[in-house]
Amino acid sequence: MKKDTLLIIGIVVLAGMLLINLVIPDPIPLLDEGAMLGALIWLVRQKMMAGEEPRVVDAQLPELDDDYRPGDPPKLNDGQ
Numbered sequence: 007m008k009k010d011t012l013l014i015i016g017i018v019v020l021a022g023m024l025l026i027n028l029v030i031p032d033p034i035p036l037l038d039e040g041a042m043l044g045a046l047i048w049l050v051r052q053k054m055m056a057g058e059e060p061r062v063v064d065a066q067l068p069e070l071d072d073d074y075r076p077g078d079p080p081k082l083n084d085g086q
């Protein structure tokens with residue numbers, strides 16, 4: 007099974023468990039609503055992130071003035 011299919015199955019199972027837990031008080035004593043809701047949000051986030059391709063950030067370095075010395079005055083841009 008693919009990762010997307012497993013994530014969808016997990017989302018459906020957790021949503022069903024959350025609905026059952028809201029209808030029948032405390033059917034699963036170890037899992038409370040907060041834990042199931044957190045797991046459901048995590049699975050939905052994993053599903054949303056699974057479809058994205060990794061992006062490469064292209065960062066350009068600023069051009070450095072190789073002729074600069076600490077005692078030099080600043081150069082003017084208008085050609086003077």
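For reference, each letter of the sequence shown is one residue, going 7 to 86 in the working numbering.
Positions of the beta carbon are idealized from the N, C-alpha and C atoms, including for glycine.
Bear in mind that the values here come from a model prediction, so they are computed numbers and not experimental data.
Taking 7 Å as the cut-off, the beta carbon of Asp10 is found no closer than this to the beta carbon of Ala45. In this structure Leu43 touches Leu24 by the C-beta definition: roughly 7 Å separates them, less than 8 Å. About 11 Å separates the beta carbons of Ile15 and Lys53, which is beyond the 8 Å limit, so they are not a contact pair. The three-state secondary structure of Asn83, taken from DSSP, is coil. Within the same chain, no residue comes within 7 Å of Asp38 by CB-CB distance, once the 5 residues on both sides are set aside.
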